[in-house]
DNA sequence: GCAAGGTC
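Set out below in C-alpha cells:
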C-alpha cells in the first residue's frame with residue numbers, strides 16, 4: 001500500500017515524517033522551493049506496512065471569485081448577491097503545489113490529511129482531496145483519512161496516525177459559508193462605496209467594506225466619539241491622612257473615602273461639616289486585617305496576548321510582532337506563533353524546554369534554579385482556550401541571540417521569560433487592609449508587603465512592589481489622629497484615545513478576525529485611510545493611538561444614519577452572529593443553505609437600503625470635511 | 001481596483 005500524507009505547512013510535514021519514519025526518511029525536492037516530499041515506511045494498524053509520502057501545502061490552495069462577466073463595472077452591484085462563484089488557485093505557486101498533490105496521489109492508494117484540527121484546516125483538507133482525486137478515482141470523501149493531532153509530541157503523533165477518521169463535512173460547509181458571504185458582501189459594498197466616492201468627490205482610492213474591517217473601524221470611531229462628546233463634571237470627595245496617636249515618627253498614612261466621590265458639592269460639604277462636628281480630628285479604627293495575597297504567574301502564551309504585550313512593552317504593532325514571531329518560528333527558535341491555546345498539553349515535557357534555557361547568561365541561572373529546587377517549578381496554570389491545533393507559544397531551542405536583530409532578540413527573550421514565568425510559582429505577599437470611621441463616613445487604606453517574587457524574578461515586565469507608606473500598628477477600637485481631613489475637588493476626565501492593544505482586545509472579545517488576521521485588519525483600515533496612528537504622550541508613557549480620519553468617521557456616522565433595524569455594519573454584532581451560525585453548522589444544528597439564505601438576505605436588504613440612501617453617506621462626508629475646514 | 005481565511 002502507498003499512503004500520501006499532506007500537512008497544512010511544510011514544518012509540520014517534516015516533523016511528522018521524521019516521527020513516523022523513525023528517522024529513516026528520504027527527501028525529494030518539488031517545483032515549489034519551500035515544499036519537500038518525504039518518503040518513508042510506516043506500519044499503520046488500519047492498512048499494514050505502507051510506503052508513505054508526506055508533503056504539505058501552505059494554507060489554502062484555492063479561493064473563490066466571481067466569473068469574468070461579473071467583474072467590476074460589468075454588472076449591477078446588487079447582482080453579486082446571486083452571481084455564481086467559481087473556485088480558482090490563489091496564485092501561481094498554489095497551482096504547482098496542487099500539481100504536486102495530484103501527481104503524488106496518482107501513485108498512492110490512500111490520502112491522509114494532516115492539516116490543523118480547526119475549521120479552516122478541515123476545509124484545506126477538502127481542497128487537498130479535490131486535487132488528489134483528479135488522477136485517482138478511488139480518492140473521495142469516503143476514502144480520505146483524517147489524522148487528529150494538536151501538537152508534535154511523538155506518541156501523540158503516532159496515535160494520530162493510527163486513529164484516523166473521515167473529513168468533517170459540517171466544518172467544510174461552515175467555511176464554504178463564510179467564504180461565500182464574505183465575498184458577496186465585501187465585493188458588493190466595496191464597489192458601491194468606491195463608485196459613490198469617486199462619482200461624488202473624485203476620491204480615487206478604494207473605499208472598501210469588509211465584515212471585519214468595519215467593526216474594527218467602529219471600535220476606533222466609538223472611542224473617538226466618546227472623547228469628542230465628553231463633558232467634564234466637577235466632583236467632591238473627602239480624603240484623610242492619619243497617624244497613630246502619640247507616634248513621634250514622621251510620615252502619615254492616607255486613607256480614601258469608600259463613597260469615592262459625589263457630584264453634589266452641597267451634599268459633600270454637609271457630610272464634611274457633620275464629620276468635623278462629630279469627631280473633630282480623631283478617627284476610630286474599625287478593622288485591621290492582614291491576609292496572604294498573591295500575584296499570579298502568567299498563563300501560557302497565545303498570539304493575541306503576545307501582540308498586546310509587545311505593543312505595551314516594546315511598542316511593536318500587532319503586525320510587526322507577528323512578522324518577527326514568524327521569522328523566529330521559521331528559524332526554529334520558537335513554536336508556531338498563531339495559536340489561541342492557553343494551556344499546555346498534559347504530557348508535554350516542559351522541563352526539557354527549561355533545561356535548554358539554562359545555557360543563557362541572563363536567565364540561565366533562573367532556569368537552572370527552577371529545575372534544581374523542587375519547590376520552585378510548577379505545572380503552568382491552564383487557561384480556558386484550546387484551538388485543538390497548536391500548543392501555546394514557547395521557546396523551542398536556545399539561542400544567545402547573536403544571529404538575531406534587536407527586535408527579534410527582544411521578542412525571543414519575551415517568549416522565553418514568559419515561558420519560564422508560566423512554569424514558576426505565583427508571587428506571594430501580605431495585604432493589610434485598615435478601615436477607619438470618621439463621623440458618619442468610612443475610609444480605607446491598604447498596604448502590601450511582598451514576600452516572595454517567584455515568577456517575577458524572571459518575568460521582569462510586571463512589577464509588584466511593597467507599599468511605600470506603612471500601615472501603623474493599631475487595633476480595632478483605637479483612636480487615630482488625623483493629620484489632615486480635607487474636602488477636595490476634581491474634574492472627571494475623558495477616556496483616552498484607543499491604543500492598539502485595546503483594539504486587539506476588543507476584536508478578540510467580540511470575535512472580529514482570528515489570531516492570524518487581527519493584525520491585518522488593523523493594517524487594512526490604516527491602508528484605506530479610515531484611521532491613522534498617532535503618537536501620544538512622551539518619554540516612558542509614549543504610546544501610539546488610533547484616531548479616525550474624516551473618511552473613517554464619515555463612513556461610520558453615515559452608516560449609523562442610514563439606520564438598519566437591529567444591525568449596524570460598523571458594530572461587531574453581525575460578525576459575531578455569523579460566527580454563532582458557523583458554529584451551529586459545525587454542530588449540525590443548522591444547514592449551510594439556511595445560513596446563506598438568512599444572513600444573505602439580511603445583507604441584501606442592507607445593501608438595497610444603503611444604495612437608496614447613498615446620499616446620506618455623501619452628506620456625512622461633506623459635513624465632516626466642512627466642519628474641519 | 002473589491003472580503004477573510006490559511007501560510008512563505
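Numbering (UniProt numbering), first residue to last: 1 to 629.
Just so you know, even glycine gets a beta-carbon here, dropped at the ideal spot from N, CA and C.
Proximity of residue i and residue j at Cβ, strictly below 9 Å
i           : j           : result
residue 343 : residue 309 : no
residue 102 : residue 8   : no
residue 290 : residue 453 : no
residue 13  : residue 36  : yes
residue 621 : residue 550 : yes
residue 428 : residue 450 : yes
residue 177 : residue 209 : no
residue 111 : residue 610 : no
residue 190 : residue 522 : no
residue 307 : residue 504 : yes
residue 89  : residue 128 : no
residue 80  : residue 578 : no
residue 52  : residue 17  : yes
residue 552 : residue 530 : yes
residue 19  : residue 220 : no
residue 245 : residue 479 : yes
residue 108 : residue 2   : yes
residue 457 : residue 271 : no
residue 248 : residue 483 : no
residue 31  : residue 317 : no
residue 6   : residue 125 : yes
CA-to-CA distance, residue j to residue i, given in whole angstroms
i           : j           : result
residue 4   : residue 136 : 12 Å
residue 548 : residue 321 : 23 Å
residue 226 : residue 519 : 24 Å
residue 389 : residue 252 : 56 Å
residue 106 : residue 63  : 24 Å
residue 507 : residue 599 : 21 Å
residue 542 : residue 315 : 9 Å
residue 420 : residue 513 : 29 Å
residue 580 : residue 510 : 11 Å
residue 364 : residue 460 : 14 Å
residue 414 : residue 466 : 25 Å
residue 545 : residue 319 : 15 Å
residue 561 : residue 607 : 14 Å
residue 576 : residue 475 : 54 Å
residue 86  : residue 56  : 24 Å
residue 77  : residue 627 : 32 Å
residue 473 : residue 447 : 12 Å
residue 113 : residue 47  : 15 Å
residue 368 : residue 412 : 19 Å
residue 400 : residue 229 : 51 Å
residue 300 : residue 395 : 12 Å
residue 73  : residue 188 : 11 Å
residue 269 : residue 486 : 10 Å
residue 302 : residue 117 : 17 Å
residue 235 : residue 259 : 12 Å
residue 29  : residue 92  : 18 Å
residue 634 : residue 67  : Look at the range of the chain in this structure, 1 to 629, and you will see that residue 634 is not part of it.
residue 495 : residue 337 : 33 Å
Nearest-angstrom Cβ-Cβ length linking residue i and residue j, presumed shorter than 8 Å
i           : j           : result
residue 356 : residue 397 : 6 Å
residue 702 : residue 354 : Because residue 702 is not part of the residues shown, which for the chain are 1 to 629, the question remains open.
residue 410 : residue 283 : Not confirmed; about 49 Å, so no contact.
residue 618 : residue 218 : Actually they do not touch by this definition, with Cβ atoms about 20 Å apart.
residue 584 : residue 424 : At roughly 41 Å, the Cβ-Cβ gap does not stay under 8 Å, so residue 584 and residue 424 are not in contact.
residue 435 : residue 287 : 5 Å
residue 444 : residue 623 : About 49 Å; that fails the 8 Å criterion.
residue 492 : residue 233 : 5 Å
residue 139 : residue 132 : 5 Å
* **Whole beta strand (DSSP E) elements within the region 70-133, 3-residue minimum** => Whole beta strand (DSSP E) segments, 3+ residues: 86-89, 110-114.
* Asked: Would you call the region 159-179 and the region 188-205 in contact, with 3 or more CB pairs under 8 Å?
  -> In the pairwise beta carbon analysis, the region 159-179 is classified as not touching the region 188-205: fewer than three pairs are separated by under 8 Å.
* Does the count of Cβ pairs from the region 556-571 and the region 227-240 closer than 8 Å reach three? -> no
* Taking one C-beta from the region 269-284 and one from the region 516-536 each time, how about it: are there three or more such pairs within less than 8 Å? -> In short, these stretches do not touch, since the Cβ pair count stays below three.
* Per the contact definition of three or more C-beta pairs closer than 8 Å, is the region 158-169 in contact with the region 22-33? -> No: the two stretches stay apart, fewer than three of their Cβ pairs being nearer than 8 Å.
* Asked: What are the complete beta strand (DSSP E) segments, minimum 3 residues, inside the region 329-372?
  -> none
* Unbroken stretches of the beta strand (DSSP E), 3 residues or longer, contained in the region 204-242 -> none
* Asked: In the region 247-294, which residue ranges form an unbroken beta strand (DSSP E) of at least 3 residues, counting only runs that do not cross its ends?
  -> Here the runs fully enclosed are 253-257.
* Asked: What are the uninterrupted segments assigned as beta strand (DSSP E) that are 3 or more residues long and contained completely in the region 453-488, given in chain order?
  -> none
* Asked: Which parts of the region 490-531 are runs of the alpha helix (DSSP H), unbroken and 4 residues or longer, counting only runs that do not cross its ends?
  -> 500-510, 518-527
* Mind pulling the beta strand (DSSP E) runs of 3 or more residues that sit fully within the region 393-463? -> 427-438, 441-452
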